[in-house]
Amino acid sequence: QSTPMIQTSASNPLQNNRIKIDSIDKKLIALLGERERVVKEIGIYKAKNNIPALQADRFKQVLEKTVEAGKQEGLSATFITELMNAIHKESLRIEEEIKAQKQ
Ligand SMILES: O=C(O)C(=O)C[C@]1(C(=O)O)C=C[C@@H](O)C=C1
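Everything in the sequence shown is counted per the working numbering, starting at 32 for the first residue and increasing by one.
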């Protein structure tokens with residue numbers, strides 16, 4: 032095992048890349064928050080108009096579009112599907128919660 036090279040903080044690739052990741056994660060969370068706020072608006076509309084939270088055809092489209100966009104970024108269909116399923120699960124939880132509050 033080799034001794035790690037001593038580098039200044041400005042030239043430390045691990046530290047620099049972790050700083051980049053922290054900044055990217057912050058943006059990812061901000062975008063998820065933005066998406067969730069739109070889902071809440073949809074949830075209010077659906078609750079008022081007696082529309083079911085689950086819209087399987089629409090989610091199928093969402094999945095197709097995101098898997099395709101993921102491909103362009105070199106991301107696997109499996110990863111995008113798992114990610115979008117997790118997001119969708121939370122959308123349904125939020126919309127069902129809004130519906131329950133309105134009863
Ligand atoms: O498009 C809708 O009807 C939504 O409520 C949004 C959304 C989503 O998160 O993309 C959530 C639930 C539906 O099953 C389909 C899609």
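Even glycine gets a Cβ: it sits at the ideal position worked out from N, Cα and C.
Asked, Found
"Distance cut-off 7 Å: V98 Cβ against heavy atoms of ligand 3", "The model depicted lacks ligand 3 and carries ligand 1 instead."
"Residue from A84, V98 and F110 whose Cα sits closest to the Cα of E127", "A84"
"Length of the line joining the Cα atoms of R89 and R66", "15 Å"
"Any non-hydrogen atom of ligand 1 closer than 7 Å to A84 Cβ", "yes"
"Given 8 Å, three or more beta-carbon pairs between the stretch 88-106 and the stretch 43-61", "no"
"Per-residue DSSP class, three states only, for E121", "helix"
"heavy atom of ligand 1 below 7 Å from E126 C-beta", "yes"
"Delimiting residues of the alpha helix (DSSP H) encompassing S54", "P44 to K79"
"Closest by C-alpha distance to V69, when choosing among K133, A108 and I118", "I118"
"Per-residue DSSP class, three states only, for E87", "In the sequence on display, residue 87 carries Ala and not Glu. Of the three classes helix, strand and coil, the one that applies to A87 here is helix, per DSSP."
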